[in-house]
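All remarks here apply to the structure that follows.
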Amino acid sequence: MKKVLILGASGLVGKALIEEFEDRFEVYGTYCSTKTKLPDTRQFQLEIKDFDKSMTLIQMIKPDVIISCLRGDFEHQYEIHKQIASEIKSINCSLYYFSTANVFDGDYLKHHVETDLPVSQSDYGNFKINCENMLTEKLGDHASLIRIPAIWGKESPRLKMIKESIKNNELIDVYSNLECNYLLDRHLAIQMRFIIEKGLQGIFHLGSTDMKSHGEFIQEIVKKLTSKKHTIKNNTLFEKENTYYFGLHSIRTDIPHELRSTCAEIIQELVNVK
Numbered sequence: 001m002k003k004v005l006i007l008g009a010s011g012l013v014g015k016a017l018i019e020e021f022e023d024r025f026e027v028y029g030t031y032c033s034t035k036t037k038l039p040d041t042r043q044f045q046l047e048i049k050d051f052d053k054s055m056t057l058i059q060m061i062k063p064d065v066i067i068s069c070l071r072g073d074f075e076h077q078y079e080i081h082k083q084i085a086s087e088i089k090s091i092n093c094s095l096y097y098f099s100t101a102n103v104f105d106g107d108y109l110k111h112h113v114e115t116d117l118p119v120s121q122s123d124y125g126n127f128k129i130n131c132e133n134m135l136t137e138k139l140g141d142h143a144s145l146i147r148i149p150a151i152w153g154k155e156s157p158r159l160k161m162i163k164e165s166i167k168n169n170e171l172i173d174v175y176s177n178l179e180c181n182y183l184l185d186r187h188l189a190i191q192m193r194f195i196i197e198k199g200l201q202g203i204f205h206l207g208s209t210d211m212k213s214h215g216e217f218i219q220e221i222v223k224k225l226t227s228k229k230h231t232i233k234n235n236t237l238f239e240k241e242n243t244y245y246f247g248l249h250s251i252r253t254d255i256p257h258e259l260r261s262t263c264a265e266i267i268q269e270l271v272n273v274k
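Counting from 1, position 76 in the sequence shown corresponds to residue 76 in UniProt numbering; the numbering is continuous, with no gaps.
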């Protein structure tokens, strides 16, 4: 049974990975402040700036796979990933690094595929690009990049915020001219299990197979959550009427279609519509 170490296992994505992996892999995880559901012997408190402890954990666990869902200070994140890459170069370990659609936020003219060169205009996007480049330079094929759009789930902050806004009769801000795709935490975990089991490598764009504007996506969720008329505040990105494309398309053929989802399927699961 493969040993999988999830860095940042207490977050939304980390929890979904544990749920999907626990019967298939020997799962270990780190958390910052809130413990996970893993046994105490397989979870470890880790501060993002505690580089030495991260090295000690890797040496002790000797994982076959490391999945990084770490968040926090950019400088500390970069350094800890640099240290991790140096540590696992000498062992037979694959690293799956969660990146973001923001590596393309400098080009809204089209949706992007795995072979497109990243271009960003944000600090976050450029930080992720720097991490991607550093990891692939150090680890080669042993580093895989998992680029994801906005992640949703039944316990996600995004859904909770919508429900709170409905409850309190508050306006919900959306962007009507931002077209993108979306992904459920649970679906992401299923896809990651398949990727690990099959030993797939490289760059992956994981997200719904279709695109929908941010405004339409939120509006459909709201309509299914309440019969009351609720006000959506439509905004335009950059205060222009142009359509801005911010989706992650995939040209890979090695992930089965049945493991992918549509926007409608994501919304249906979020609101428990059968």
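All C-beta atoms in this analysis are idealised placements derived from N, C-alpha and C, irrespective of residue type, glycine included.
_Alpha-carbon spacing of I6 relative to I232, whole angstroms_ = 37 Å
*Run through DSSP, which three-state label would R260 get?*
coil
*asked:* Is it buried or exposed, P149, if we count other Cβ atoms within 10 angstroms and call 16 or more buried?
replied: buried
*For V4, name the three-state secondary structure that DSSP assigns.*
strand
*So, helix, strand or coil for I162, using DSSP?*
helix
_By the three-class DSSP mapping on this structure, what secondary structure does E47 have?_
Three-state result, E47: coil.
*Measure the C-alpha to C-alpha separation of L95 and S144 and round it to an integer number of angstroms.*
Straight-line measurement puts the Cα of S144 at about 6 Å from the Cα of L95.
*Helix, strand or coil at C131 [DSSP, three-state]*: helix
*Are the stretch 235-244 and the stretch 169-179 touching, with three or more C-beta to C-beta distances below 8 Å?*
Contact between the stretch 235-244 and the stretch 169-179 is present: three or more C-beta pairs spanning the two stretches fall below 8 Å.
_Whole alpha helix (DSSP H) elements within the stretch 205-236, 4-residue minimum_ = 214-225
*Can you tell me whether N168 is buried or exposed, with buried defined as 16 or more other CB within 10 angstroms of its CB?*
exposed
*Which two residues bound the contiguous beta strand (DSSP E) that contains V65?*
V65 to S68 is the extent of the beta strand (DSSP E) around V65.
*alpha helix (DSSP H) containing V13: first to last residue?*
L12 to F21
*Ignore the nearest five residues each way along the sequence and tell me which others in V271's own chain have a CB closer than 6 Å to its CB.*
K224 and L225
*Would S208 pass as a contact of S250 if the rule is Cβ separation under 8 Å?*
no
*Any heavy atom of the ligand SAM closer than 7 Å to the Cβ of E258?*
Absence of the ligand SAM is noted for the structure shown, with no ligands found whatsoever.
*asked:* With three or more C-beta pairs closer than 8 Å as the rule, is the stretch 177-190 touching the stretch 119-139?
replied: no
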